[in-house]
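Just so you know, the UniProt record's numbering puts 94 at position 94 of the sequence shown, and the rest follows in order with no gaps.
Ideal placement from N, C-alpha and C gives every residue a C-beta, glycine not left out.
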Amino acid sequence: MTRSKMSLFIYLLIGLAIFGFAAQLLTNTSGLLMNLVMMVAVGAALYGVVYYFFIRKRTSNELKKYKKAVKQSKMKYKGEDAASKKTFSQAAKKNAPLLKQKKNNRARATHLRVIDGNKHKRKNRASL
1 MTRSKMSLFI YLLIGLAIFG FAAQLLTNTS GLLMNLVMMV AVGAALYGVV YYFFIRKRTS
61 NELKKYKKAV KQSKMKYKGE DAASKKTFSQ AAKKNAPLLK QKKNNRARAT HLRVIDGNKH
121 KRKNRASL
């Protein structure tokens, strides 16, 4: 019963608002438009203040993790900035002998060999 009284009150309030808006539109159109512009401006200003002081400072958890990762990456690679500024020809001359050395170091060890086992064959645990 209280629910029907509340809905009746809300419908009455909406009806009066529509009636007042129509009366203002017919009698004082410029005043109505000025009031609408002022309400929109005040609403936008309030939203801007609330957003600037409260909502903007709340960052999502993912954004915090991203910022932390960027900071760690900068700390890790901060010494390599000077090395990356070298020209390509200088870097290629320096890296060419290293590539030849790496190829020689990767020779296979002859004393190691792969033993094929029966990995797919399962034990019968019931017999144990």
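For residue i, report the span of its alpha helix (DSSP H) as first-last.
i	result
Ala17	2 to 27
Leu63	61 to 76
Within the same chain, show all residues whose beta-carbon is closer than 6 angstroms to that of residue i, passing over the 5 residues directly before and after it, in chain order.
i	result
Val49	none
Lys67	none
Lys71	none
Lys5	none
Given the structure, does residue i come close to the ligand SAM, in the sense that its CB is under 7 angstroms from one of the ligand's heavy atoms?
i	result
Asp116	As far as ligands go, the structure on display features none, and thus does not contain the ligand SAM.
Am I right that residue i and residue j are in contact with their C-beta atoms under 8 angstroms? What's the rounded C-beta distance?
i	j	result
Gly24	Leu13	In the sequence as displayed, the identity of residue 24 is Gln instead of Gly. Not really, about 16 angstroms apart at Cβ, beyond 8 angstroms.
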